[in-house]
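Chains as they are written, first to last, in this note's numbering: chain D, 1 to 205; chain U, 1001 to 1344; chain Z, 2001 to 2624.
Virtual Cβ for every residue (Gly too), placed ideally from N, Cα, C.
Quantities reported herein were computed from a predicted structural model and do not represent experimental measurements.
First the structure, in the form of structure tokens, and then the observations on it.
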Amino acid sequence: MSSHSHVEGQLPHEPERATLEGRNKITGFWLFLGGETVLFGTLFAAYLTLRGQVMDGPTPNELFDFALVALATALLLTSSLTSVFALQAMHKHNVKGLMGWLIVTLLLGAAFLGLEIYEFNHYVHLGHTFAASAFSTSFYTLVGFHGAHVAFGLLWVILILLQLKKRGLNTTTAPKVYVFGMYWHFIDVVWVFIFTVVYLMGKVG
Amino acid sequence: MKRLAPLMALLVLVLSACGREDLSALNPQGPVAQEQLGLMKISILIMSIVVVVVFAISIYVLIKFRRRKGDEKIPKQVEGSHKLEVIWTVIPIILLVILAIPTLKTVFSLSKDYSEDPNALQVIVTAHQYWWEFEYPELGIKTAQELVIPTDRVISIEAKTADVLHSFWIPSLAGKIDTNPDGNVNRMYFEAPKAGVYQGKCAELCGPSHGLMDFKVKAVEPSSFDRWQVAMLDTVELPSDPELAQVFESQCLTCHAVGEYGGSTFPNLTGIASRESVAGILINVEEGEKEYKHEDTVYNNLYKWIKDPKAVKPGNHMTDQYTLTDEEVAGIAEYLSTLTLDYE
Amino acid sequence: MAHAHAHAVKRRTGIMDWLTTVDHKKIGIMYLLAGGFFFLIGGLEAILIRLQLMFPQSEVVSAQFYNELITMHGTTMIFLAAMPILFGFMNAIIPLQIGARDVAYPFVNALGFWTFFFGGVLLNISFIAGSVPDAGWTMYAPLSGTTYTEHFGTDYYVIGLQISGIGTLIGGINFLVTIINMRAPGMTFMRMPMFTWATFITSALILFAFPALTVGLAALMFDRLFSGNFFDPSAGGNVVLWEHIFWIFGHPEVYILILPAFGIISEVVSTFSRKRLFGYSSMVFATILIGFLGFMVWAHHMFTTGLGPIANALFSVATMLIAVPTGIKIFNWLFTMWGGSIKFTVANLFAVGFIPTFVMGGVTGVMLSVAPADYQYHDTYFVVAHFHYVIVGGLVLGIFAGLHYWWPKMFGRVLSEKLGYWTFWTFYIGFHLTFFVQHFLGLLGMPRRIWQYLDGMGFNTLNFISTIGALLMGVGTILFIINILITMRKPKTAENDPWKDGRTLEWTISSPAPEYNFAQTPLVRGYDAWWLEKMEGNSKMTPVEPIGPIHMPSPSILPFFMGLGLFIAGFGFMYAREFGVVSLVIGIAGLVITFGCMGLRSWIDDHGFHIEEEEILKDQGVKA
């Protein structure tokens, strides 16, 4: 259909919106994120209902290591910023810059995930296992769902990087990069809520 | 549309019958159920108006505007009518306001908490798969399957469950309330000014025998209720045959209690022969008065139940918990059928 | 660029055509077939339930099997029959109604079908595996937890629904984007046909309701598979949380079901009255309002849970409010017919029969919203009667209307009207016989979901009548199947506009529609676009483009394998409790298949193919 609308080599300023397919992808992804919001909203609601039920296990206050979480937060927030740089490079049709910033994003995301795995492992050794209490189950489910989203995002960005390397920037790859950026920001926003609701409120409340 | 007339006739017929006095929400025997029926009547009345209007317009339209053979005319394409649309927005709102006011009033009046009221009789209802435990904390009495209450007091219920969700429902006296686990107790209250036996039901799917998880509410005169209390706390004799007494103790009293003997994890059997039913579902009748499959004498019901509980209530927890010979079953049934209370 | 890569026409035949198709019309037919198949299974379960209840204390089925029947009947009918059949209509009709050549994501559309299908199959394999879900379609904890349900029944429910739920969710997004982005020139939102509007709102409800179910199912799954404690009271879990999550999803779900039926009825009534839909804009507004309020009322399913008088009062009033937009719709339909020229085709009979029936279901809904009265109605046959009046009397009658109405557009053949009349009367009378009496059973003290009722309670006659009615509905369904079988043997002779009174764009193209739907994208000049042109004496729509090559998406087997992967993964994880690591490995392998195919899909740069001008002109010539 609208894939006829331009000729090779003349990428428009916003290549992600150049085709109907690209525009559909972006509209649909916005909607998908709406659904994801409900998903995380429900997880948060479940967590808030159950977080007081620690049974014999450690309380949130005893458990959480603030320095670690603060570092993880910094990593993820920075990765959101670098994904914006990637997008800016894309709009300048700078494929090298685009790929470079995506790789930085990837590394930051991987570091975040590594910290999270370390954190979970640490908690398990403190007796805070998945099956310990309603608090632990809802904690791992909420934070774990987020972690799984990060992991999926990392695989995704690797796939996009490979495609960019093989095929360069065009009206097929551009929407993928753009949509990935949306996804990554969303994950970041969810993390801000997790940081507040789970960790901050856990320390204070 | 032609089926409207017979339906309405049926409606009148059924509403006039209103069902059994001890079971039907349409035949209330206490003030709470009475108030609920009042709300039902208001809503049925308002809704009947709506139904009649819609049916009347439907019938008129379908007859008046049906297409005749060879009719090729194009009707006027009407976009809508502000006036009409306002009418059928505003009128329903008015009708709903009329319905909402008594609804809100009753929501709050029925939530009244009698748990601190010294004049009310406190009862803790604990639901189990598939039986009901009734505890009278002020009286120190625990019983099962049959809630005995006086006719002159408000009954204040605290409902909870020992396992899965159930719902405590006495259609002709009050509505229902779910029984939740783990300290999440629910309260309701009701009164039964007329002496009599009322049927209670479980109204939340709780397993294979959900439909068989019946109980009875027996409202008695205040003086009878006082005698019932005394009788419940009286000492109970174990079977006189020592061998049978030994079997009874080792096989039954590990879970059940009679008088001061036995365990309390399963239904208390004190006065079981005076209850309306065995296991809540086998109705006790006098010899020769058996009319239905689920009715029999106390002895026969007890025998049938102890012999093969799962045939009566599939999935119940009594199945396979004991080994008894047929003679022992008969002996225990015989013994239990002597456990009567004299209070009426 | 893209054009240069595009392949020549890629077409498969036979079974591979159906397994790989991304054509929304074929996917629509597959949804209809699969949904119809599950409808028959669910119907059979219903008949067995009614046979068990025909007489007091009967033992046609065991207590355990009875609970399995009620659970699977509810689950199957809602998730595997009603929704897929509606998705069938959406697929078959929506692109045609908005003048689009395709849906927004043809590949994802196919994926949605296959995940639904494999999820449904997984759920029903439970009958073969011998552990069937038995805690009711609402799956209330703790009955559904491992403590009280040791067998795998709940796992089949949780995983089967999770997989089919993915299909539903992406289907919903697909239709939202299709309607937002792919409308023909001139097809503004306020010119869209009512069915398209209903689909739009329904899809939005799916988008915002299904993720809640996803979380609920995942939580229950974690409880069961990994000893989680969401709903285990002994470890601090909260069973009322499940009720909330389930109904936050569950109440919008009933509007997800009924809104498309409203859409179908609007189309059918308007067409066969030869009249514009009365109060179109208020109909749109009412639909949006119903969708919005649908999220505000979930706790009316929980009046007896013990949420307290304030919550009960609020949810009572909020629920009553829904009656207002629903009433607007009812009167708008009646006044669409008012002054019209009503033709009683079978499709219209179902639509006309729908209106009073649905009103009866609606008024009992208002009665149920009165919380203190609901303390009596709740979980009795009154509720069973109510929701069957809205779901069968509303949705299923709507589906039958839609089937008769759009059958020629989907299959090129008009269903036999004569047999259709028989279907209607047997089904309609059977329906009222079955469910009308159930109102009274409930009020007289009969709880729902009971395996047996005692003799002498005054339930016997009404239950007997109800069962006779159910059998009659069965006869109606069989007559409909016979009608299909007879009709499908006839040649495809249906005209573009077989009803002559068609008003919307789907009636401007051949029956069935060609692969590309519109040879030339039409220009839409107003609401009821086709009717408008007819009234001005035009025999076709004004095109906005010359005839030229049409770009089509390539067929793909990947959606099938992605569904299959989830199916395998489901079994693997489910049986890990019993078979340990081996089973887990199988589960992970299934996920690898699914995500591998997903990666493959992203990696393969498939730009589809073009249907060339000559072929389109040939089609035009044949059909003209």
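Alpha-carbon spacing of residue i relative to residue j, whole angstroms
| i | j | result |
| --- | --- | --- |
| LEU159 of chain D | ILE2166 of chain Z | 23 Å |
| HIS2439 of chain Z | GLY1175 of chain U | 16 Å |
| MET2194 of chain Z | ALA2184 of chain Z | 16 Å |
| HIS2151 of chain Z | ASP2232 of chain Z | 17 Å |
| LYS1002 of chain U | ILE2482 of chain Z | Note that LYS1002 of chain U scores 49 on pLDDT, short of 50, meaning its location in the model is unreliable; the coordinates nonetheless yield the value given after this. For LYS1002 of chain U and ILE2482 of chain Z, the distance between alpha carbons rounds to 28 Å. |
| GLY2220 of chain Z | ILE2256 of chain Z | Here residue 2220 of chain Z is Leu; the residue named in the question, Gly, does not match the sequence. Roughly 23 Å separates the two Cα atoms. |
| TYR2140 of chain Z | GLY2445 of chain Z | 22 Å |
| ILE1098 of chain U | LEU2122 of chain Z | 49 Å |
| THR106 of chain D | VAL124 of chain D | The amino acid at residue 106 of chain D is misidentified as Thr; the sequence shows Leu. The straight-line gap from Cα to Cα measures roughly 27 Å. |
| SER2539 of chain Z | ILE2094 of chain Z | 22 Å |
| SER2 of chain D | GLU21 of chain D | Only weak support exists for where SER2 of chain D lies, its pLDDT of 40 falling under 50; the value from the coordinates is given anyway. Near 8 Å, if we compare the C-alpha coordinates of GLU21 of chain D and SER2 of chain D. |
| VAL1053 of chain U | VAL2359 of chain Z | 11 Å |
| TRP2530 of chain Z | SER2144 of chain Z | 52 Å |
| TYR2148 of chain Z | ASP2606 of chain Z | 50 Å |
| TYR2031 of chain Z | GLU1158 of chain U | 49 Å |
| ILE1272 of chain U | VAL1148 of chain U | 12 Å |
| GLU980 of chain U | ILE1124 of chain U | Residue 980 of chain U is absent from the structure shown; chain U starts at 1001 and stops at 1344. |
| ASP1117 of chain U | ALA1333 of chain U | 41 Å |
Coil, strand or helix - residue i by DSSP
| i | result |
| --- | --- |
| CYS2597 of chain Z | helix |
| ASN1284 of chain U | strand |
| ILE1992 of chain Z | With chain Z covering only 2001 through 2624, there is no way to say anything about residue 1992 of chain Z. |
| ILE2342 of chain Z | strand |
| MET1188 of chain U | strand |
Residue environment, residue i, which counts as buried when at least 16 other CB atoms sit within 10 Å
| i | result |
| --- | --- |
| ALA1311 of chain U | exposed |
| TRP2451 of chain Z | buried |
| ALA70 of chain D | exposed |
| LYS2623 of chain Z | At LYS2623 of chain Z the pLDDT is 49, less than 50, meaning the model places this residue with poor confidence; the figure from the coordinates comes in the next sentence. With fewer than 16 Cβ atoms within 10 Å of its Cβ, LYS2623 of chain Z is classed as exposed. |
| TRP2603 of chain Z | exposed |
| LEU2485 of chain Z | exposed |
| ALA2081 of chain Z | buried |
| HIS1256 of chain U | buried |
| VAL204 of chain D | exposed |
| THR1254 of chain U | exposed |
| SER1250 of chain U | exposed |
| PHE2387 of chain Z | buried |
From the options, residue whose alpha carbon lies closest to that of residue i
| i | options | result |
| --- | --- | --- |
| GLU1287 of chain U | U:ASN1186, U:GLY1280, U:PHE1168, U:TYR1299 | U:TYR1299 |
| VAL2437 of chain Z | Z:ASN2460, Z:TRP2422, Z:LEU2415 | Z:ASN2460 |
| PHE2175 of chain Z | Z:PHE2189, Z:SER2164, Z:THR2202 | Z:THR2202 |
| LEU2161 of chain Z | Z:ILE2429, Z:THR2013, Z:GLY2563, Z:ALA2351 | Z:GLY2563 |
| CYS2597 of chain Z | Z:MET2077, Z:THR2319, Z:ALA2313, Z:PHE2561 | Z:PHE2561 |
| THR1297 of chain U | U:LYS1194, U:GLU1276, U:LYS1105 | U:GLU1276 |
| LEU2566 of chain Z | Z:ILE2586, Z:GLU2578, Z:ILE2550 | Z:ILE2586 |
| SER2273 of chain Z | Z:PRO2522, Z:GLU2578, Z:ILE2029, Z:GLY2339 | Z:GLY2339 |
| THR2504 of chain Z | Z:GLY2308, Z:TRP2406, Z:LEU2558, Z:GLY2130 | Z:TRP2406 |
| THR2487 of chain Z | Z:GLU2417, Z:PHE2464, Z:ALA2470 | Z:GLU2417 |
| GLU2243 of chain Z | Z:TRP2333, Z:GLY2136, Z:LYS2343, Z:LEU2207 | Z:GLY2136 |
| LYS1304 of chain U | U:PRO1031, U:SER1337, U:PRO1150 | U:SER1337 |
| GLY17 of chain D | D:ALA174, D:ALA110, D:GLY41, D:ILE187 | A small correction: the amino acid at residue 17 of chain D is Arg; Gly does not occupy that position in the sequence shown. Cα-wise, what sits closest to ARG17 of chain D is D:ALA174. |
| MET2084 of chain Z | Z:GLY2186, Z:MET2182, Z:ALA2261, Z:ASP2102 | As written in the sequence, residue 2084 of chain Z is Pro, which differs from the Met given in the question. That would be Z:ALA2261, whose Cα lies nearest to the Cα of PRO2084 of chain Z. |
| LYS176 of chain D | D:LEU164, D:PHE85, D:GLU116, D:ASP65 | D:LEU164 |
Taking a cut of 8 Å between CB atoms, which residues from the stretch 2320 to 2354 of chain Z lie near chain U? MET2320, LEU2321, ALA2323, VAL2324, GLY2327, ILE2328, ILE2330, PHE2331, ASN2332, LEU2334, PHE2335, MET2337, TRP2338, GLY2339, GLY2340, SER2341, ILE2342, LYS2343, PHE2344, VAL2352
Going along the chain, which residues of the stretch 1107 to 1123 of chain U sit with their C-beta nearer than 7 Å to a C-beta in chain Z? VAL1107, PHE1108, LEU1110, SER1111
Mind checking the stretch 2289 to 2317 of chain Z against chain D and listing, in chain order, the residues whose C-beta falls within less than 7 Å of any C-beta there? none
Chain Z contacts made by the stretch 41 to 71 of chain D, where a contact means CB separation under 7 Å: THR42, LEU43, ALA46, THR49, LEU50, GLN53, MET55
Residues of the stretch 2097 to 2117 of chain Z with a CB closer than 7 Å to any CB of chain U: list them in chain order, please. none
Between the stretch 2146 to 2158 of chain Z and chain U, which residues of the former have CB atoms less than 7 Å from a CB of the latter, in chain order? TYR2148
Selection of the stretch 2237 to 2250 of chain Z by Cβ proximity to chain D, strictly under 7 Å: GLY2237, ASN2238, LEU2241, ILE2245
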